[in-house]
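Asker: Residue numbers (the numbering used here), protein chains in the order written: chain A, 800 to 925; chain B, 42 to 299. Once you've had a glance at the structure underneath, I'll fire off some questions.
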Amino acid sequence: MKKEIAIWTFFAAMLAASLINVLCLESLTERVSRATEQSVAAAVRGDWASSESFAESALSEWKSRDTHTQLVLRHSAIESAENAIILMLTEVYAKDAARVRGAAEAVLRSMESISESERIRFGSVF
Amino acid sequence: MAISIIRTLILYAVMVASMRLMGKRQLGELEPAELVVAVLISDLAANPLQDLGTPLLYGLAPVLTLLFCEITLSAIILKSRRIRRVIAGSPGVIIDNGRLDRAEMKKCRYTVDELMEHLRKHGVTDIATVKYAVLEPDGTLSVVSYAGESPITPNQLGLSVTESEIPRVVISDGEIIDTELTSVGYDRKWLSAKLRENGIRRAEDVFLMTADRSGGVYLATKQPSGSGGAGKNNAANIGTGKSSRRGSQKSNQSGSQK
């Protein structure tokens with residue numbers, strides 16, 4: 800019976816960890832998306848200093864959870880998200896508001912896709 | 042990760058149910074739940090190994106989920122006979138008191154050809170000699186012949202026989218295995234005496250030696266390679282206890298012949 804109790808405890812812990820992982824990823828993607836949207840808003844206003852600051856914070860926010868994302872996300876998804884944020888940052892440095900808006904859209908889509916894929920819904924299970 | 046756990050739980054349940062519905066014929070000495078784990082586990086483990094871009098957790102989580110399913114199902118099966126019958130199935134009596142049960146064969150989707158094949162594997166060529174044939178939940182056939190067709194046992198002849206003991210390997214390729222030696226109730230002193238008795242000075246000269254509790258010993262010595270190539274072993278069965286097999290001396294290549 801010890802073996803059974805051990806595996807049930809372990810499974811319960813694994814299930815709990817996976818649910819916490821969903822919440823952590825949602826929180827991360829939400830923070831990156833918010834910083835991206837604030838960067839776009841600042842760029843549209845012509846406040847490039849703030850736009851740069853928000854875009855950089857989006858990148859550092861994403862990078863800060865590198866170990867976690869490497870463990871739980873496909874590496875292709877991580878690279879795609881990171882590339883999208885860097886592209887947006889490049890456009891902010893170039894001070895082109897229209898292109899910043901386009902690049903930000905790619906970042907938002909990427910974050911949404913990561914968040915959606917981990918969320919437990921009928922569609923994502925099947 | 043949560044998605045992969047849920048997916049594994051669903052897949053496991055569907056596959057166990059499918060295997061159960063497929064019937065006993067599809068199984069090869071494994072019960073449905075065991076077969077499902079055997080089929081799934083290798084594929085799950087291979088995926089993150091082949092694709093380095095896939096996190097290891099994507100392979101580990103489903104494998105651990107399967108382990109959970111398997112242990113949980115085993116625990117439930119132990120507790121409930123009814124659930125055991127649902128999950129593992131129950132034996133099907135194909136030949137009952139010499140009568141072929143066609144309805145049971147149909148239920149098990151078991152053909153006459155398969156029955157004959159399984160009977161032949163049991164050394165039965167005449168179906169009329171079979172009293173009972175039972176198709177087990179793991180897909181194997183158990184055969185019980187009529188008493189008149191069964192081999193004669195010493196009890197039937199009123200003979201007294203000595204119970205055989207399981208021999209343990211006490212020297213393997215020159216190395217003494219102390220745990221095995223003590224498990225049959227002997228020690229190194231006994232071993233040295235036994236080797237001296239057979240004209241062997243060192244344990245290193247022995248290729249294989251087995252001993253059992255009744256004193257039966259099997260000995261195969263290492264011999265230097267002759268011009269013929271690979272070294273030969275000199276094998277001997279020596280019995281000092283009740284089940285004496287003294288004197289039978291054989292030589293062979295592998296040293297495993299008795």
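From the three backbone atoms N, C-alpha and C, an ideal C-beta is built for every residue, glycine too.
Here's a check: name, in chain order, each residue in its chain whose Cβ is nearer than 7 Å to the Cβ of A:A854, leaving out the five neighbours to either side.
Answerer: The answer, listed in chain order, is S838, M887, L888 and V891.
Asker: Between B:M42 and the rest of its own chain, which residues show a CB-CB distance below 8 Å, the 5 nearest in sequence each way excluded?
Answerer: Excluding positions up to five away in sequence, the list reads L98, Y99 and A102.
Asker: Determine, using beta carbons only, whether B:L114 comes closer than 8 Å to chain A.
Answerer: So, not an interface residue.
Asker: Is there a Cβ from chain A that is less than 8 Å from the Cβ of B:I118?
Answerer: No - not a single Cβ of chain A is within 8 Å of the one on B:I118.
Asker: Check the Cβ-Cβ distances between B:I44 and every residue of chain A, and say whether any is below 8 Å.
Answerer: Yes, because at least one Cβ of chain A sits closer than 8 Å to the Cβ of B:I44.
Asker: Tell me the start and end of each unbroken alpha helix (DSSP H) in the segment 138-217 of chain B that is at least 4 residues and wholly inside, in chain order.
Answerer: With a minimum length of 4 residues, the continuous alpha helix (DSSP H) runs that stay inside the segment 138-217 of chain B are 143-148, 153-162 and 195-198.
Asker: Can you confirm whether B:E128, when its beta carbon is compared against all beta carbons of chain A, has any partner nearer than 8 Å?
Answerer: The amino acid occupying residue 128 of chain B in the given sequence is Ile; Glu does not appear at that position. So, not an interface residue.
Asker: Give every residue of the same chain whose Cβ lies closer than 6 Å to the Cβ of A:T868, excluding the five residues on either side of it in the sequence, and list them in chain order.
Answerer: Within the same chain, A:T868 has close Cβ partners I877.
Asker: What are the partner residues of B:A86, as DSSP defines its beta bridges?
Answerer: Answer is none; B:A86 lacks a bridge partner.
Asker: Given B:L119, which residues of its chain have a CB within under 7 Å of its CB, disregarding the five upstream and five downstream residues?
Answerer: None.
Asker: Counting only C-beta atoms, is A:H874 closer than 8 Å to chain B at any point?
Answerer: Yes, A:H874 counts as interfacial toward chain B.
Asker: Using Cβ-Cβ distances below 9 Å, what residues of the segment 239-250 of chain B are close to chain A?
Answerer: Answer set for the segment 239-250 of chain B: empty.
Asker: Mind checking if A:N820 is an interface residue toward chain B, Cβ cutoff 8 Å exclusive?
Answerer: Yes - at least one Cβ of chain B is within 8 Å of the one on A:N820.
Asker: From the DSSP secondary-structure annotation, give me the bridge partner or partners of A:G901.
Answerer: None; A:G901 has no bridge partner.
Asker: Evaluate the contact criterion for the segment 828-835 of chain A versus the segment 905-924 of chain A: three or more CB pairs, one atom per stretch, below 8 Å.
Answerer: A contact exists between the segment 828-835 of chain A and the segment 905-924 of chain A.
Asker: The ligand FAD and A:F925: does the residue's C-beta get closer than 7 Å to at least one heavy atom of that ligand?
Answerer: With respect to the ligand FAD, the structure shown offers nothing to examine, as it has no ligands at all.
Asker: Quick one: Cα of B:A261 to Cα of B:L198, how far?
Answerer: Those two C-alpha atoms are separated by around 35 Å.
Asker: Compare the C-beta of B:L85 with all C-beta atoms of chain A and state if any pair is closer than 8 Å.
Answerer: Judged by the 8 Å Cβ criterion, B:L85 is not in contact with chain A.
Asker: Distance, Cα to Cα, B:V165 vs B:H159?
Answerer: Computed Cα separation, rounded: 9 Å.
Asker: Can you check DSSP and say which residues form a bridge with B:G133?
Answerer: Partner(s): B:L176.
Asker: Mapping the DSSP letters down to three states, classify A:G845 as helix, strand or coil.
Answerer: A:G845: coil per DSSP, three-state reduction.
Asker: With respect to the beta strand (DSSP E) encompassing B:G257, which residues constitute its N-terminal and C-terminal limits?
Answerer: Start and end: G257 to K263.
Asker: Run down chain A in chain order and give the residues with a C-beta less than 8 Å from the C-beta of B:L108.
Answerer: Neighbours of B:L108 on chain A, chain order: I806.
Asker: Mind pulling the chain A residues with CB within less than 8 Å of B:A102?
Answerer: Result: M813 and S817.
Asker: With a cut-off of 8 Å on the beta carbons, I'd call B:V175 and B:G130 a contact; round off their distance for me.
Answerer: Rounded, the Cβ-Cβ distance is 12 Å, inconsistent with contact.
Asker: According to DSSP, is A:A896 part of a helix, a strand, or is it coil?
Answerer: In this structure, A:A896 counts as helix in the three-state DSSP scheme.
Asker: Looking only at its own chain, which residues have a Cβ that is under 6 Å from the Cβ of A:A880, when we skip the five neighbours before and after it?
Answerer: Within the same chain, A:A880 has close Cβ partners S909.
Asker: From the beta carbon of A:V871, is the nearest beta carbon of chain B less than 8 Å away?
Answerer: With 8 Å as the cut-off, A:V871 counts as an interface residue toward chain B.
Asker: Would you report the Cα separation of A:D895 and A:S875, rounded to the nearest angstrom?
Answerer: The alpha-carbon atoms of A:D895 and A:S875 are separated by roughly 28 Å.
Asker: Rounded to whole angstroms, what is the Cα-Cα separation between B:T181 and B:T220?
Answerer: Taking the straight line joining both Cα atoms gives about 36 Å.
Asker: What's the gap between the Cα of B:R161 and the Cα of B:V184?
Answerer: Whole-angstrom Cα-Cα distance: 11 Å.
Asker: Select from B:I117, B:G94, B:I135 and B:P195 the residue whose C-alpha is nearest the C-alpha of B:Y173.
Answerer: The shortest C-alpha separation from B:Y173 is found at B:I135.
Asker: Just verifying my parser: in three-state terms, what is the DSSP assignment at B:M250?
Answerer: Note: B:M250 maps to strand in three-state DSSP.
Asker: Is the shortest distance between the beta-carbon of A:S923 and the beta-carbons of chain B less than 8 Å?
Answerer: It does: the Cβ of A:S923 has a partner Cβ on chain B nearer than 8 Å.
Asker: Taking the straight line between their C-alpha atoms, what separation do you get for B:S224 and B:S233?
Answerer: The straight-line gap from Cα to Cα measures roughly 17 Å.
Asker: Would you call the segment 193-208 of chain B and the segment 151-158 of chain B in contact, with 3 or more CB pairs under 8 Å?
Answerer: Short answer: they don't touch.
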